[in-house]
Amino acid sequence: MPSSKKEFGMTPPLEVPPLPMSPMQYMPSHRDVVGGVLAVAASVVSNFGVNVQKYSHTQEQKRPVADQRPYILRPVWWVGLIMVIVGSIGDFAAFGFATQALVAALGGGSTLIANVIIANQMNQETLYRSDLLGVLLVIAGVVVISAISEPDVTYPLHILEQFFARPEFIVYISCVVICVITILAKIKGSLAHTLKSQIRWSHQRQKDILKLRFQDLERRMEALEEKLLVGGLDHDGGSHPHVAVPPFRLNHPDGASSSPRKQDAPAADANPSAANVPFYYATCSGIVGAISVLLAKCSVMMIALTIEGQNQFKYPVTYLFVGGMVACILVQTHLLNMATSLGDTMTVFPVFQAFWISFSVVGGIVFYDSEREFTWDKWVLYPLALALISLGVYCLMQHPSKGHAAPDKPTKRTNGDDDDDDNGDNRASLLVQFELEAVPLTSADDVDACLTTSPLLSSSSSPVSSSSKSKKKTNGTDGYVRLDI
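All residue numbers in the sequence shown are consecutive under my numbering, ending with 558.
Okay, here's the thing in structure tokens:
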């Protein structure tokens, strides 16, 4: 094999080995069957692991807020992670037998079917007609992609280096990175993420203040008890039998939690930003997962050539393939966990799978420069498949968000009550979305100390006096989020 340094360059044309036969005349071999079976089995195991992780999130949310643990400290979550790792290993092995498009298509279709059953049975997630329609559309797009897939070809390292250096692929990967960064920035600056961060900080701040207040009140009670006992003595040294210390009840801040008040479930559009955050995470996870697919396919090629006697691990680029694949899988797993912890796997996982399949196919076409040999039918079928997948994702996104009920019939409201009701719905949406536990405060000073503000919530940028705040402690129209409701 020629040296990679001699062959690598931007000016020489790509010396791509010719395909063994026309892609439209290609018939599946036993290697494709083995790769397809591995892809289906690995996808089902991986999806079962994701639903186990979702079950861990659901059970953890039933615990008191103070006792909730990060997902990396839960044994059940680790069981799900092990299953996801086993599924990833199976996918990696499938790339050694079948093409990237075929593995993505078969694995994605089987995952969607398994997810509908597992999510409904294990996590008791409701299945709507829009979910079924969305899954069917995504599966139809996957079938079209698998039908026009090309035969598998193993490329040497110097050809892969030229593929990575192509201007078209550099533009594509740059657009993908910008897309991921934009979505993550949207998550970071979204109303839901901002409120969640503020609520966590404010909840801890409330607990600290309550602890200090509790200690201060204990000292006051001791002083009051001493004064009452001294004041109860008569001039003769006797005591009045009617003087007694009044009962004084005080809840310790560690166990302080008011009984949750019954609240009507807000409409799904009361906080649209919070409802879309799981889909943002799923989208980023699918895009990053598609990059891991490309790197995994390159790594499998290097391993296959090494087994044939051509050691590829003496080149640093091979380690970049493997290291990049592992890094992308870790990021993909974290983003998918964030998506499943905030949303339903019935809809979040198909969205992840749809973007994973779409970007895997498009990335493979751009990377291997396959569009040069496209016939008119492929130029029609590929956009059709991606359009079916996109339409399926839109149907899946109509699924009601976690913690929201279907909107009731609208009731008549006066103009003066509109702001109060909207703010009340937002506060109730926060409690339902993040399952907050109300922490009672002991004085007005504590309330003011625990307020969190956000420009996203403020109706006006003008400062509000403390007197106006005290008059509006329940409606929150001054831009403050009251956490003691």
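Even for Gly, the Cβ is constructed at its ideal location relative to N, Cα and C.
At what residues does the alpha helix (DSSP H) containing residue i begin and finish?
{"i": "Pro229", "result": "Where Pro229 is concerned, there is no enclosing alpha helix (DSSP H), given that its DSSP letter is neither H nor E."}
{"i": "Glu133", "result": "His103 to Gln134"}
{"i": "Asp204", "result": "Arg202 to Ala220"}
{"i": "Ser161", "result": "Pro148 to Ala167"}
{"i": "Met398", "result": "Pro389 to Leu415"}
{"i": "Thr418", "result": "Thr418 to Phe440"}
{"i": "Met195", "result": "Gln173 to Met195"}
{"i": "Ser463", "result": "Trp449 to Leu469"}
{"i": "Ile251", "result": "Pro240 to Gly262"}
I think residue i touches residue j, with their Cβ atoms under 8 Å apart; what is that distance to the nearest whole Å?
{"i": "Leu206", "j": "Val189", "result": "About 12 Å separates the two Cβ atoms, so there is no contact after all."}
{"i": "Cys401", "j": "Val253", "result": "Rounded, the Cβ-Cβ distance is 11 Å, inconsistent with contact."}
{"i": "Leu185", "j": "Val208", "result": "5 Å"}
{"i": "Ser129", "j": "Gly160", "result": "Their Cβ separation, rounded to whole angstroms, is 17 Å, which puts Ser129 and Gly160 out of contact at 8 Å."}
{"i": "Val211", "j": "Ile462", "result": "5 Å"}
{"i": "Gln385", "j": "Met398", "result": "Rounded, the Cβ-Cβ distance is 14 Å, inconsistent with contact."}
{"i": "Phe394", "j": "Ser365", "result": "Contact flag wrong, Cβ pair sits at about 11 Å."}
{"i": "Val217", "j": "Leu454", "result": "6 Å"}
{"i": "Gln471", "j": "Ser183", "result": "Contact flag wrong, Cβ pair sits at about 24 Å."}
{"i": "Val424", "j": "Val361", "result": "Actually they are not in contact, since the Cβ atoms of Val424 and Val361 sit about 14 Å apart, beyond 8 Å."}
{"i": "Tyr245", "j": "Val390", "result": "So it is not a contact: roughly 19 Å between Cβ atoms."}
{"i": "Leu230", "j": "Tyr388", "result": "6 Å"}
{"i": "Ile221", "j": "Lys451", "result": "6 Å"}
{"i": "Ala187", "j": "Leu111", "result": "15 Å between Cβ atoms; not a contact."}
{"i": "Gly437", "j": "Gln173", "result": "5 Å"}
Using alpha carbons as the reference points, say which of the options lies closest to residue i.
{"i": "Ser219", "options": "Gln134, Ala178 and Gln173", "result": "Ala178"}
{"i": "Asn120", "options": "Ser443, Leu469, Asn410 and Gly437", "result": "Asn410"}
{"i": "Gly163", "options": "Glu299, Val113 and Lys135", "result": "Val113"}
{"i": "Phe168", "options": "Lys370, Leu408, Ile364 and Ser247", "result": "Lys370"}
{"i": "Asp442", "options": "Tyr388, Tyr228, Ala458 and Ser463", "result": "Tyr228"}
{"i": "Ala171", "options": "Gln383, Phe432, Leu408 and Val106", "result": "Val106"}
{"i": "Val157", "options": "Leu301, Val123, Gly181 and Lys135", "result": "Val123"}
{"i": "Ala460", "options": "Val117, His231 and Val435", "result": "Val435"}
{"i": "Phe236", "options": "Leu367, Tyr353 and Gly262", "result": "Leu367"}
{"i": "Leu415", "options": "Val211, Phe432 and Ile260", "result": "Ile260"}
{"i": "Gly180", "options": "Lys451, Leu464, Gln426 and Leu454", "result": "Gln426"}
{"i": "Gln194", "options": "Met419, Glu444 and Asn384", "result": "Met419"}
{"i": "Trp429", "options": "Leu393, Tyr354 and Glu446", "result": "Tyr354"}
{"i": "Asp417", "options": "Lys280, Arg136 and Pro351", "result": "Pro351"}
{"i": "Val125", "options": "Gly214, Lys284, Ile251 and Thr413", "result": "Thr413"}
{"i": "Gln405", "options": "Leu111, Leu154, Gln279 and Ala238", "result": "Leu154"}
{"i": "Ala458", "options": "Phe440, Phe242, Arg445 and Phe432", "result": "Phe432"}
{"i": "Gln197", "options": "His407, Ala296, Thr131 and Ile282", "result": "Thr131"}
{"i": "Val421", "options": "Leu301, Lys127 and Lys280", "result": "Lys127"}
{"i": "Leu378", "options": "Leu146, His103, Leu233 and Gln134", "result": "Leu233"}
{"i": "His407", "options": "Glu381, Gln173, Glu241 and Pro143", "result": "Pro143"}
{"i": "Val149", "options": "Glu133, Glu298 and Ala139", "result": "Glu133"}
Taking 7 Å as the cut-off, does the CB of residue i come closer than this to any heavy atom belonging to the ligand ATP?
{"i": "Ser116", "result": "The ligand ATP is not part of this structure, which contains no ligands at all."}
Do we get a CB-CB distance below 8 Å when we pair residue i with the residues of chain C?
{"i": "Lys261", "result": "Note that chain C does not occur in the displayed structure, where there is just one protein chain."}
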